[in-house]
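In our numbering, the protein residues as written are 294 to 526.
Even glycine gets a Cβ: it sits at the ideal position worked out from N, Cα and C.
Have a look at the structure below, then the notes.
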Amino acid sequence: MKSYYPASESLFYKLEVLSPESLCGDAIRGIKNENEVFIADTVVIQASGGIIDLSGSFVFPENARELVLFAKVRCNGKIVAETEKKLIISAGDYFLTAATPKEAIDQLGLIGTDREIRELEDAFETEPEKLGSLIDSFWKSRDPTPSTETNEVKEEFYRRLAIANERFEGITEGWRTDRGKIYIIYGEPDEIDRHPFDLGYRAYEVWYYFNPRRTFYFEDRIGDGTYELIRQE
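The following block contains the structure:
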């Protein structure tokens, strides 16, 4: 399950939990903070073995800043599987895909200058209440149409980030992989030359961008589907 800095009052989420038991017990999902479990989106459903889909939506409790989305599977009164994910709720009109403010800053590091990222990191460490306004300024400085409500550069960045997570996620999040980073920075390649099964060679891909002309070479060095950037031209 991914967590968000929302731009609306509701969050739609995908949540799955792996149950080792077959046709036994029930599953519960809900949201809570440090002091209270909110029942607004807590439901009980019949569970079965394997992956149980508990996706849904909820309305944010008033003044919430940190919440935990959780799910538990019970069998004969015993918890046999559980999962949870922290949600950091930030004020502002921006929409970020991240589990923590630090992760949000790391994502912006893909396109931000060293000075901008240092400023965000310093705010996170010393004045976290200013982080939202600094991120707003980060995107306003890149808005190609400041007279409109839409910031096309920001929307495209998070669109690419979501696609990178979907396409390239493996043992790490898709946006953190070499292919994910190149995709977010440069967008969809004009051409991809894939070589997954060449005899005597590791699997590799070559990405071509025509304008401006760039070429990136990725290799699956350990055979787990994680392609590393080995050369660029």
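Rounded separation between residue i and residue j - CA only
{"i": "V361", "j": "S440", "result": "37 Å"}
{"i": "E442", "j": "K371", "result": "51 Å"}
{"i": "G405", "j": "E422", "result": "20 Å"}
{"i": "K395", "j": "T419", "result": "13 Å"}
{"i": "L311", "j": "R506", "result": "45 Å"}
{"i": "D415", "j": "V446", "result": "25 Å"}
{"i": "G402", "j": "L454", "result": "13 Å"}
{"i": "I428", "j": "I324", "result": "27 Å"}
{"i": "R367", "j": "D319", "result": "5 Å"}
{"i": "Y497", "j": "F490", "result": "9 Å"}
{"i": "P437", "j": "E449", "result": "12 Å"}
{"i": "P299", "j": "L492", "result": "Residue placement at P299 is poorly supported in this model, since its pLDDT is 41, which falls under 50; the coordinates are not used for a value here."}
{"i": "L389", "j": "Y451", "result": "Low per-residue confidence applies at L389: pLDDT is 48, beneath 50, and the placement is therefore not dependable, though the value from the model is reported in the following sentence. Answer to the nearest angstrom: the Cα atoms are 7 Å apart."}
{"i": "N444", "j": "E412", "result": "22 Å"}
{"i": "W500", "j": "I344", "result": "35 Å"}
{"i": "E459", "j": "N369", "result": "36 Å"}
{"i": "G385", "j": "K365", "result": "Only weak support exists for where G385 lies, its pLDDT of 43 falling under 50; the value from the coordinates is given anyway. Going from the Cα of G385 to the Cα of K365 covers about 32 Å."}
{"i": "V373", "j": "W468", "result": "32 Å"}
{"i": "T393", "j": "N504", "result": "35 Å"}
{"i": "E377", "j": "D407", "result": "34 Å"}
{"i": "F417", "j": "S430", "result": "15 Å"}
CB of residue i within 7 Å of CB of residue j, strictly
{"i": "D457", "j": "Y479", "result": "As written in the sequence, residue 457 is Ala, which differs from the Asp given in the question. No, the Cβ-Cβ distance between A457 and Y479 is not below 7 Å."}
{"i": "R487", "j": "D513", "result": "no"}
{"i": "Y510", "j": "P482", "result": "no"}
{"i": "E526", "j": "T508", "result": "yes"}
{"i": "L375", "j": "D346", "result": "According to the sequence provided, residue 375 is Glu. The question's Leu does not apply to it. Cβ atoms of E375 and D346: not closer than 7 Å."}
Nearest residue (CA-CA) to residue i, options the options
{"i": "G425", "options": "K378, A374, L403 and I398", "result": "I398"}
{"i": "K379", "options": "R367, N326, S348 and I321", "result": "N326"}
{"i": "I515", "options": "I464, N444, E459 and E526", "result": "I464"}
{"i": "R322", "options": "F461, P437 and F363", "result": "F363"}
{"i": "R435", "options": "E409, E459 and F417", "result": "E409"}
{"i": "W432", "options": "F417, E459 and Q400", "result": "Q400"}
{"i": "D517", "options": "E462, N369 and W468", "result": "E462"}
Residues sharing a beta bridge with residue i, DSSP
{"i": "R411", "result": "Looking at the DSSP assignment, R411 forms no beta bridge with any residue, so it has no partner."}
{"i": "T376", "result": "A364"}
{"i": "R495", "result": "According to DSSP, which records beta bridges pairwise, R495 is partnered with nothing at all."}
{"i": "Q525", "result": "F509"}
{"i": "R309", "result": "The displayed chain sequence assigns Glu, not Arg, to residue 309. The partner list for E309 (beta bridge, DSSP) reads D346."}
query = Does the segment 504–524 come close enough to the segment 464–476 that 3 or more CB-CB pairs lie under 8 Å?
reply = Flag = yes, the segment 464–476 and the segment 504–524 touch.
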